[in-house]
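Number of protein chains: 2
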Amino acid sequence: MKIAVLGGDGFVGWPTSLHLSDRGHEVHILDNLSRRWIDTELGVQSLTPMDSIQERTRIWKQESGRTIRFHLIDVARDYEVFKAWLAEHRPDAIVHFAEQRAAPYSMKSARHKNYTVSNNVNATHHVLNALVELDLDAHLVHLGTMGVYGYSTVGAAIPEGYLPVGIETMAGETVRQEILYPANPGSIYHMTKCLDQLLFQFYAKNDGLRITDLHQGIVWGTNTDQTSRHVQLINRFDYDGDYGTVLNRFLIQAAIGYPLTVHGTGGQTRAFIHIQDSVRCIELALKSPPQRGERVKVFNQMTETHRVRDLAELVAKMTGAKIAWLPNPRKEAPENDLVVTNDGFLDLGLEPITLAEGLLSEVVDVARKYAYRVDRSRVPAVSAWTKEIAKEVETDPEHPRLRSVS
Amino acid sequence: MKIAVLGGDGFVGWPTSLHLSDRGHEVHILDNLSRRWIDTELGVQSLTPMDSIQERTRIWKQESGRTIRFHLIDVARDYEVFKAWLAEHRPDAIVHFAEQRAAPYSMKSARHKNYTVSNNVNATHHVLNALVELDLDAHLVHLGTMGVYGYSTVGAAIPEGYLPVGIETMAGETVRQEILYPANPGSIYHMTKCLDQLLFQFYAKNDGLRITDLHQGIVWGTNTDQTSRHVQLINRFDYDGDYGTVLNRFLIQAAIGYPLTVHGTGGQTRAFIHIQDSVRCIELALKSPPQRGERVKVFNQMTETHRVRDLAELVAKMTGAKIAWLPNPRKEAPENDLVVTNDGFLDLGLEPITLAEGLLSEVVDVARKYAYRVDRSRVPAVSAWTKEIAKEVETDPEHPRLRSVS
Ligand SMILES: NC(=O)c1ccc[n+]([C@@H]2O[C@H](COP(=O)([O-])OP(=O)(O)OC[C@H]3O[C@@H](n4cnc5c(N)ncnc54)[C@H](O)[C@@H]3O)[C@@H](O)[C@H]2O)c1
Ligand SMILES: NC(=O)c1ccc[n+]([C@@H]2O[C@H](COP(=O)([O-])OP(=O)(O)OC[C@H]3O[C@@H](n4cnc5c(N)ncnc54)[C@H](O)[C@@H]3O)[C@@H](O)[C@H]2O)c1
Numbered sequence: 002m003k004i005a006v007l008g009g010d011g012f013v014g015w016p017t018s019l020h021l022s023d024r025g026h027e028v029h030i031l032d033n034l035s036r037r038w039i040d041t042e043l044g045v046q047s048l049t050p051m052d053s054i055q056e057r058t059r060i061w062k063q064e065s066g067r068t069i070r071f072h073l074i075d076v077a078r079d080y081e082v083f084k085a086w087l088a089e090h091r092p093d094a095i096v097h098f099a100e101q102r103a104a105p106y107s108m109k110s111a112r113h114k115n116y117t118v119s120n121n122v123n124a125t126h127h128v129l130n131a132l133v134e135l136d137l138d139a140h141l142v143h144l145g146t147m148g149v150y151g152y153s154t155v156g157a158a159i160p161e162g163y164l165p166v167g168i169e170t171m172a173g174e175t176v177r178q179e180i181l182y183p184a185n186p187g188s189i190y191h192m193t194k195c196l197d198q199l200l201f202q203f204y205a206k207n208d209g210l211r212i213t214d215l216h217q218g219i220v221w222g223t224n225t226d227q228t229s230r231h232v233q234l235i236n237r238f239d240y241d242g243d244y245g246t247v248l249n250r251f252l253i254q255a256a257i258g259y260p261l262t263v264h265g266t267g268g269q270t271r272a273f274i275h276i277q278d279s280v281r282c283i284e285l286a287l288k289s290p291p292q293r294g295e296r297v298k299v300f301n302q303m304t305e306t307h308r309v310r311d312l313a314e315l316v317a318k319m320t321g322a323k324i325a326w327l328p329n330p331r332k333e334a335p336e337n338d339l340v341v342t343n344d345g346f347l348d349l350g351l352e353p354i355t356l357a358e359g360l361l362s363e364v365v366d367v368a369r370k371y372a373y374r375v376d377r378s379r380v381p382a383v384s385a386w387t388k389e390i391a392k393e394v395e396t397d398p399e400h401p402r403l404r405s406v407s
Numbered sequence: 002m003k004i005a006v007l008g009g010d011g012f013v014g015w016p017t018s019l020h021l022s023d024r025g026h027e028v029h030i031l032d033n034l035s036r037r038w039i040d041t042e043l044g045v046q047s048l049t050p051m052d053s054i055q056e057r058t059r060i061w062k063q064e065s066g067r068t069i070r071f072h073l074i075d076v077a078r079d080y081e082v083f084k085a086w087l088a089e090h091r092p093d094a095i096v097h098f099a100e101q102r103a104a105p106y107s108m109k110s111a112r113h114k115n116y117t118v119s120n121n122v123n124a125t126h127h128v129l130n131a132l133v134e135l136d137l138d139a140h141l142v143h144l145g146t147m148g149v150y151g152y153s154t155v156g157a158a159i160p161e162g163y164l165p166v167g168i169e170t171m172a173g174e175t176v177r178q179e180i181l182y183p184a185n186p187g188s189i190y191h192m193t194k195c196l197d198q199l200l201f202q203f204y205a206k207n208d209g210l211r212i213t214d215l216h217q218g219i220v221w222g223t224n225t226d227q228t229s230r231h232v233q234l235i236n237r238f239d240y241d242g243d244y245g246t247v248l249n250r251f252l253i254q255a256a257i258g259y260p261l262t263v264h265g266t267g268g269q270t271r272a273f274i275h276i277q278d279s280v281r282c283i284e285l286a287l288k289s290p291p292q293r294g295e296r297v298k299v300f301n302q303m304t305e306t307h308r309v310r311d312l313a314e315l316v317a318k319m320t321g322a323k324i325a326w327l328p329n330p331r332k333e334a335p336e337n338d339l340v341v342t343n344d345g346f347l348d349l350g351l352e353p354i355t356l357a358e359g360l361l362s363e364v365v366d367v368a369r370k371y372a373y374r375v376d377r378s379r380v381p382a383v384s385a386w387t388k389e390i391a392k393e394v395e396t397d398p399e400h401p402r403l404r405s406v407s
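Quick note, the sequences are listed as chains A and B, same order. In terms of this note's numbering, the first sequence opens at residue 2 and continues consecutively. In terms of this note's numbering, the second sequence opens at residue 2 and continues consecutively.
Put into structure tokens, the structure is as follows:
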């Protein structure tokens, strides 16, 4: 297959591109490199020394003999350029990672909110619009998030995209219907993923586009079979307060002797998946596209759920790290349960890598190896979800978030 | 109250501004005049000769002694300019009409789709974002549409925004919850209104913004108590295939001896409201804002529902016009029922003006008076909803949509 990977320079996009290339597909990366610019804006860098995309693809060619082509295109801003590229290459499938994906970054300031909404909505809409305009029947695989549901359930397992509900008619009967699982996003970033869902629903129904939406859990780990083949193929590893996600942050904190920062009671339950499984899932999804005219196919792309404090305790036990209990900058319930169905990928043959598999220590090794590159001042999370939360922190000089924990 | 009317130069915005000014409020119109530019783009004009907004507000001052100030601002593109305006004026309430509102226009081409999504999503998001950034507790009243539900129900009356559903838990119990009524938009335009709903839900929950969303039916009529006071205060009247809405189009078609163009079987049921009621409803909504922390208040702003063919027959009987049955350019069910609850406004004291009230003939009079201004070539609807529908029309030279019906 000829596959366009939008956002293929990112944390999940790069190993996905390598994996698909390794499987013999013709892979094209389209990326505007905005994440590298955001690193510069925030003054942070990947823990792992990450080469330019041009250099990475050169090394991949040298190691594997396979070509991955890179195209510098902004999917959200340059509709015409993007469309011209699609018209010329007419890929069989598009994997769409090209969005601003950090919840804390999306809540930093009014400018960051506007950027996240505009970048993510326009990127997704341009892809859909161009497929229709060009009469291109490519299968679109999008990366969404488990977070569209706001991490809270009513004691029901989160199904894969659709919820059977009973609606009472005027005649007093109950009609059963399947609706998009109701959204309850917890940040501007998560909200854009809910907007994406509606865009997909509309274009699948109106234009018969074939779309798969992967509701992904939090990705952990860093290496895959392909990124491990050469030091310069190494994947990005974010540890900062904006882009670093919870488990990877604990592992790096442990590696540099920084306390594990748990927000609130740590009672939030989250869904997780290892990066190696993430790229496998994407391959599986590409293999079983929906039919034209079928509704959007939704998979929950996760393998296990954990409470944040349990993860912290696990990492603490493994590494001897301490735990620092900090106030929660997010507006969310302090404790929640989360039960998620992932039958879709299990049925397609996924054999999950779980935390128990020993890969945790592999990540700690990577973290220790590059610990000299860590800027400790970038470790705390600093975006506050609301003005009230921001004020609370500002007016209390003894606030635990300001007391140095390093 | 000091009230900012975003999109106050438009069909509903102008009479709303006059009505609120007449009631003693300090009204400011913010508009980028994009609708006047779209008239130019499409080569159409309002049936009624509409003066510039500067001239209209001058006449209003002369007739009523009241000042309405106009500010040329693009809410979707100039976040900083809009925010600076809000910071200076700090209005008590904002009425938000500033969106591209024609479904056929939104489906015309890829460019029109992109414009509609980007204009509408950014306009709404900028309003919300600025309220939070400025710590401004203004009540936001937004004009949404009944069309978010796709004009189809399962035999249940459409409630005001929220649907009680039963969700089955893993324990086999049924938990009752109220969710946003599931969206099922029929065009890109309608879809943007669904995106708006999610934005409102998020900002009400996360930041405590006070928001009322009015799900409006199709507005008919043209004059209100205030626009009738001077010929130069006259309201816009769209009759073209893009912006003209069904009942007003029938009335103008009847006035110029053009057959009433019914799409498909005319079996689509739609919700309607007279422009005079529309402005009254907005005033009622302004009077009873939600509390801070309350969920978004949703009203169905409509007074009656009718099947399109019944309306055509009514107008035909009244005026002697013929009916032309044309293929439907929209992708929708040929026939649907629609039952809508509007208890919210009835409880607040609305006394609906119905079609039976004799106002139909008033509109026919306006239409006859200005019939000499009609460009007959602009009457047919030309946007096709999908490539298939467009092709069907293109390849059949005998297609009824191409046979001149004038
Ligand atoms: N990392 C996770 O834990 C996680 C969890 C759930 C879902 N996801 C989703 O997976 C996707 C990829 O996540 P990631 O961790 O690899 O993020 P990332 O930030 O590392 O990668 C995103 C890539 O997209 C590019 N991009 C952004 N906007 C673009 C635009 N307008 N045009 C072209 N390129 C653009 C960026 O430059 C970057 O290379 C995201 O959509 C994210 O929401 C990630
Ligand atoms: N007319 C109807 O039958 C009807 C029915 C249901 C809902 N509505 C809703 O009511 C609202 C008003 O409808 P209308 O018929 O008055 O439409 P309209 O097109 O006549 O007016 C919209 C106004 O908003 C302005 N505008 C658009 N984008 C803007 C931007 N980015 N910045 C500043 N101004 C901007 C336009 O210039 C125009 O004056 C719309 O949101 C529409 O969706 C209308």
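All residues carry an ideal CB built from backbone N, CA and C; glycine is no exception.
If residue i sits next to residue j, beta carbons under 8 Å apart, how far is it from one beta carbon to the other, in whole angstroms?
{"i": "A:L261", "j": "A:A357", "result": "Rounded, the Cβ-Cβ distance is 19 Å, inconsistent with contact."}
{"i": "A:R293", "j": "A:G209", "result": "5 Å"}
{"i": "B:I390", "j": "B:P335", "result": "B:I390 to B:P335, Cβ: 14 Å. No contact."}
{"i": "B:Y190", "j": "B:L164", "result": "Not quite, the Cβ-Cβ distance comes to about 23 Å (not below 8 Å), so this is no contact."}
{"i": "A:P186", "j": "B:F203", "result": "6 Å"}
{"i": "B:M2", "j": "B:D93", "result": "4 Å"}
{"i": "A:V380", "j": "A:Q254", "result": "7 Å"}
{"i": "A:A111", "j": "A:A77", "result": "With a Cβ gap of about 18 Å, A:A111 and A:A77 do not count as contacting."}
{"i": "B:L361", "j": "B:V263", "result": "That pair is no contact at about 17 Å."}
{"i": "A:E284", "j": "A:R24", "result": "7 Å"}
{"i": "A:D338", "j": "A:T266", "result": "Actually they are not in contact, since the Cβ atoms of A:D338 and A:T266 sit about 14 Å apart, beyond 8 Å."}
Can you find a C-beta in chain A that's less than 8 Å from the C-beta of residue i?
{"i": "B:G167", "result": "yes"}
{"i": "B:G245", "result": "no"}
{"i": "B:M171", "result": "yes"}
{"i": "B:S407", "result": "Note that B:S407 scores a pLDDT of 28, beneath 50, so its modelled location is shaky and nothing firm can be said."}
{"i": "B:D136", "result": "yes"}
Nearest by alpha-carbon distance to residue i: which of the options is it?
{"i": "A:Q217", "options": "A:I4, A:S53, A:G9, A:V13", "result": "A:V13"}
{"i": "A:I1", "options": "A:V6, A:S18, A:E314", "result": "Residue coverage of chain A in this structure runs from 2 to 407, which leaves residue 1 of chain A outside it and unanswerable."}
{"i": "A:Q302", "options": "A:E295, A:G66, A:G345, A:D338", "result": "A:G345"}
{"i": "A:G242", "options": "A:V82, A:R377, A:Q101, A:Q63", "result": "A:R377"}
{"i": "B:V45", "options": "B:I95, B:Y240, B:A88", "result": "B:Y240"}
{"i": "A:I219", "options": "A:K298, A:E169, A:F273", "result": "A:F273"}
{"i": "A:D348", "options": "A:S289, A:E333, A:E363", "result": "A:S289"}
{"i": "B:I324", "options": "B:S65, B:Y244, B:V309", "result": "B:V309"}
{"i": "A:G9", "options": "A:L21, A:H26, A:L31", "result": "A:L31"}
{"i": "B:L144", "options": "B:I159, B:A286, B:D214", "result": "B:D214"}
Which two residues bound the contiguous beta strand (DSSP E) that contains residue i?
{"i": "B:F238", "result": "Note, B:F238: premise wrong, no beta strand (DSSP E); not H, not E."}
{"i": "B:R70", "result": "69-73"}
Could you tell me whether the Cβ of residue i comes closer than 8 Å to any Cβ of chain B?
{"i": "A:H97", "result": "no"}
{"i": "A:I180", "result": "yes"}
{"i": "A:G156", "result": "yes"}
{"i": "A:F1", "result": "Absent from the model: residue 1 of chain A. The displayed extent of chain A is 2 to 407, so no value can be given."}
{"i": "A:W86", "result": "no"}
{"i": "A:I390", "result": "no"}
{"i": "A:S119", "result": "yes"}
{"i": "A:L347", "result": "no"}
Following the continuous alpha helix (DSSP H) through residue i, name the residue where it begins and the one where it ends.
{"i": "B:A334", "result": "No alpha helix (DSSP H) holds B:A334; DSSP gives it neither H nor E."}
{"i": "A:Y163", "result": "Per DSSP, A:Y163 belongs to no alpha helix (DSSP H); it is in the beta strand (DSSP E), 163-169."}
{"i": "B:A104", "result": "104-107"}
{"i": "B:T117", "result": "111-134"}
Kindly list, in the order they appear in chain C, the residues whose Cβ is closer than 8 Å to that of residue i.
{"i": "B:C195", "result": "In summary, chain C is missing from the structure at hand, where the protein chains are A and B."}
Inside the stretch 350-386 of chain B only - alpha helix (DSSP H) runs reaching at least 4 residues: The qualifying runs are 360-370.
Taking the runs of the alpha helix (DSSP H) that are 4 residues or longer, which of them lie wholly in the stretch 208-276 of chain B? Listed in chain order, they are 247-256.
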